[in-house]
Structures are given as structure tokens and as C-alpha cells.
DNA sequence: TATTCTTTTTACAAATTGTTCACGCCTTGC
DNA sequence: GCAAGGCGTGAACAATTTGTAAAAAGAATA
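Chains as they are written, first to last, in the numbering used here: chain A, 1 to 226; chain B, 1001 to 1226.
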């Protein structure tokens, strides 16, 4: 699964350049062009990493960083201009995981991105989060973000969806799903799965054409990704 | 690079528990189950920090501490049982950087571990303060500032809120909260958590729409930040 | 020791979810 | 095209979980 990165940078040239290089590395990239947009996009996208310019309109980098920190342990790399060198310490205190001064070399930046992301998956807890087009399944905060909107879903639905989406395109039989989600000692009607699938479909209907919950006749269900 | 910690503790239950929590925080953990093993493992592993029980077979905590001190400036945190309170001063003189009395709360221990590691050698002082919209949780002065007004809250409520707010949006099960706030040796009814949550909600009701204490059905609670 | 504050337990009401059932439509094989 | 079984769907029920108040127990304080 591709890692997602949010770039918060008001200079369109720099932003475009970053986006291009990051995409070339295989990351999925989102961009915001001021602090406020950065914060709101963060909570919608839940990226794995944030690249954050310090000088921003509306809300500066510190404010954004603080807001992000308040929403979880997502790593942040600060982009600071030369003159702002003194702010380094402050930036790190606000919770940034690393910083890099502009003008930076792409190679250098990409190395740090990779380093922080690697640290993020090892040292910190394994984040139980899956991201698809217009869909975030986050089992840590136990929420579903559909097309940017937070959505509540009962435990069984969450776990069922998480299970299916953990192995995209793989078909799960009803009994497999009962084992994985309900537990191996469950002995109820396997049609129960159908009902939960139906409720998930209602919630996820027409959100994206990139993925869907498909029925495989006499076999089970799968989370299909194109 | 993950920091390494050596746990010298003869009670396997406590040792296992410590190992689990420390690993979850991203540390690399080694364990020794008596004083002699502790010393030899220390020189083999050269950990960044040692958690050292005072009462140990073969060679007691003081002896181990002395031996460690002779090999370098590695910080040591002593684990002392209640009855050994008087030994605290002696322990610190032997070169321990901090001590904590059993039964301790995981949260407290982890805070001290982090503090000692950050300082490199000396103990103390991590600012235990969290700030959100119209809410300050200050565990140093032990006060809650809600919408600019100081508010009194009993210890358990403070710690519960602090625990939840330390990892915003993360869902904590009742048992997790009992472990972290009440301590690992607490065996009361987990519904106790509910009552404290209720009292916190009464205090924090309608203060801000930026955050709230949310219930996740069959899962637990979380401090949600938008 | 008495008093006050905090914490835990208990009991009941309220809310939410999981499951089953029923009915009708759909797919498949003959 | 028909029969048989699989699937979608809506509604109802039951079981479990949680909110809440109040009493009991325990700690801290004067």
C-alpha cells in the first residue's frame, strides 16, 4: 500500500516540484496551500507524513504542527527558510520529527522522508490504518473517513471492512469472515455476514469508482480495487 | 535507532509486563532475572538505560548498580517495593538516576524512562502539560484550566483525562485505561472507568466543539479532536 | 476521632448493536 | 424457460453495553 504524504506549502513552484518528486518515488501526494487548508486536509486524508512549510498564510507552520500533533502521532518534517534557522529548536519542540532548510536538495529531502517513515512504522505502534481513494479505515481511532467526512460505524462493520480491505481483491468465504471477524467459536447463521455487508454498502455507496464491495456468487465477498 | 533497555527483575510477571509496554513504545528490551545475570548481560548489551529491581537473587540491586556504575555513565532507574522506601536515599547515592516504588503505574514509569533517556543522565522534568482549545491539562501543577477558569479535579479524573488526551483520537479499552491509570495490579470492576468519564464529561460539557470524550461501543473511550 | 472528599460498587434505565427471519429477486444448471 | 438454491433487503427482537444516580467504602484531612 502506497504511503500518503501531505505537502503544506504556499509557494506553488516548490509545492509542484515536491509533488512531482514524491510521486515519482511512489508516494501518494496531497497538497494544501495555506495553514488552514493544511489542517482541514490533514483530518480528511490522514496522511502517513506531513511536509510543512514554516511561513504560511492564514495559519503558520507552528500552528499547523500543533494542530496535527493534537490529532495523533503523525510524523512532521518542517521546511524552513535560511533566515528562520533560529526557529529550528522551537519547531522541533512543537513536535516536528525533523526539519530541512530551504533551499534543499531533493535527494536529501527524499532520504529524510524515507527515514522518518521507516521510523514511523518500526518504533511507533503498528498503525492499523488503511487508505484508499476517498476512504480511510482507521482502527486506532475507530473511525471511517468517507470522502472527507467522518463516519461512525459499529464494531462488526468496522472489523469486517478492515478485514476485507486488508487483502484487496481477495475473496473471503462467509465462513472465513466469520472466523476472522467473529472468532472461531462463533456458530451463528452465516447470513449474518450479508446483513453487515449490506450496511457497509449503504455507507459506502457511490463514493468512489476505484473500489467496491463485490459479491462472488457462491464464494463470498471481496473488496475490489481497480 | 531504537534505544535499548535492560530490565533486571526476578518476578517474571512484572518483567514480562515491563517488556511488553516498553516494546510497545519502540524500545529494544533485554531481560535478566537475577543480579549476576544483570551484570553480565549489561556488559554484553550495553543498554541505554537499566531498570533495576532492588530485591534480587544472587546479587541485590545495590550491587548491580555499583557494578554498572563502574562500567560507565549508563542511567539506572530503581524499582523499589513499598517497604523499602527508606532505601531510596541509599539507592540514589549508589548512583541510581531515579527510583519508582512498586506497585507503579505504567504511565508514570514510561514517563520517567523517557525523561531519563532524554536527559542522558539526570532524572526529572518532562513537562506534563497538554493544551487544547479552551482546555489545559497540567499535571505538574495538577490543575485543569477550562475556558480560562481553574477547575479542581480529583487525581483519578486528572490522570484519566491526561492519559486519554496524551494520544488524541486513539481508542483506549477500559482495561488499558485501568492498566495505565490505576496500575497493573488493580483488579476492580472496569465500569469504574465509566463513572470517572461521566464526571469528566460533566466538568467539560459544552466547553469546546473542537474536542470531546467519545464512547466507542464495545471498545472503550477516546479523546476526540476534530 | 470526626469530617470531608474521593473512589468504587451497585442498581436500574436507556441506548446501540447483532442476529434472525421473511420475502422476493437473481444466478445457475438442466 | 424452469426449478433450486443463493443473495439482497427491510424490519423486529433480544442481548449486550453504556449512562446515570445514589449508596457504600475507603482516604485524606483537620
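Glycine included, every Cβ here is placed at the ideal spot set by N, Cα and C.
Excluding five sequence positions before and after residue 220(A), the CB atoms of its chain that fall closer than 6 Å to its own CB belong to 171, 172, 173, 174, given in chain order. With a 10 Å radius around the Cβ and a threshold of 16 neighbouring Cβ atoms, residue 169(A) comes out exposed. Here DSSP, grouped into helix, strand and coil, assigns residue 1099(B) to strand. Residue 3(A) is positioned such that its CB atom lies closer than 7 Å to that of residue 117(A). Against residue 35(A), chain B offers no close residue; the least beta-carbon distance is about 16 Å (beta-carbon pairs closer than 9 Å).
Contacts with chain A at 7 Å (Cβ-Cβ) do not include residue 1215(B). According to DSSP, residue pairing for residue 1014(B) in a beta bridge does not occur. From the beta-carbon of residue 155(A), the residues of chain B found nearer than 9 Å are 1216, 1217, 1218, 1219.
Residue 133(A) is a Cβ neighbour of residue 208(A), given a cutoff of 7 Å. Fewer than three Cβ pairs drawn from the stretch 130-144 of chain A and the stretch 35-42 of chain A lie within less than 8 Å of each other, which leaves the two stretches out of contact. Neighbourhood of residue 1175(B) in chain A, by CB distance below 9 Å: empty, with the nearest CB roughly 16 Å away. By the neighbour-count criterion, in which 16 or more other beta carbons inside 10 Å mark a residue as buried, residue 216(A) falls on the exposed side. Going by DSSP, residue 78(A) is part of the beta strand (DSSP E) stretching over 76-80. In the structure shown, residue 1153(B) adopts coil according to DSSP, grouped into three states. Take residue 1200(B), set aside five residues on each side of it, and the residues of its chain with a beta-carbon closer than 8 Å to its own are 1153, 1157, 1160, 1161, 1213, in chain order. Fully contained in the stretch 1034-1073 of chain B are the following beta strand (DSSP E) runs of length 3 or more, in chain order: 1049-1053. Taking residue 59(A) as the centre and dropping the five residues before and after it, the same chain places the C-beta of 35, 36 closer than 6 Å to its C-beta, in chain order. The DSSP-derived three-state label of residue 1170(B) is coil. In chain order, 140, 141, 142 make up the part of chain A whose C-beta sits under 8 Å from the C-beta of residue 1171(B). Taking a C-beta distance under 7 Å as the contact criterion, residue 27(A) and residue 106(A) do not qualify as a contact pair. At least one C-beta of chain B is nearer than 7 Å to the C-beta of residue 72(A). When the Cα atoms are used, residue 148(A) and residue 1067(B) turn out to be separated by approximately 58 Å. Within its own chain, the residues whose Cβ lies closer than 8 Å to the Cβ of residue 19(A), once the five positions on either side in sequence are excluded, are 7, 29, 31, listed in chain order. The closest CA to that of residue 14(A), considering only 48(A), 189(A), 46(A), 52(A), is found on 52(A).
Taken atom to atom, the span from the alpha-carbon of residue 177(A) to that of residue 202(A) is near 19 Å. Counting C-beta atoms within 10 angstroms of its own C-beta, residue 204(A) has 16 or more neighbours from the protein chains shown and is therefore classed as buried. Its Cα nearest to that of residue 1197(B), the residue 1164(B) stands out among 1226(B), 1164(B), 1225(B). When the Cα atoms are used, residue 1190(B) and residue 24(A) turn out to be separated by approximately 50 Å. Under a criterion of Cβ atoms nearer than 7 Å, the residues of chain A adjacent to residue 1226(B) are, in order, 43. The beta carbons of residue 1097(B) and residue 1073(B) sit no closer together than 7 Å.
Contact annotation: residue 49(A) and residue 5(A) have beta-carbon atoms nearer than 7 Å.
When secondary structure is reduced to three states using DSSP, residue 2(A) falls in the coil class, being assigned neither helix nor strand. Listed as beta-bridge partners of residue 1144(B) by DSSP are 1137(B), 1151(B). Taking 7 Å as the CB threshold, residue 1047(B) stays off the interface with chain A.
Counting along the chain, the unbroken alpha helix (DSSP H) around residue 192(A) starts and ends at 191-204. In terms of Cβ geometry, residue 1033(B) and residue 1010(B) form a close pair [threshold 7 Å].
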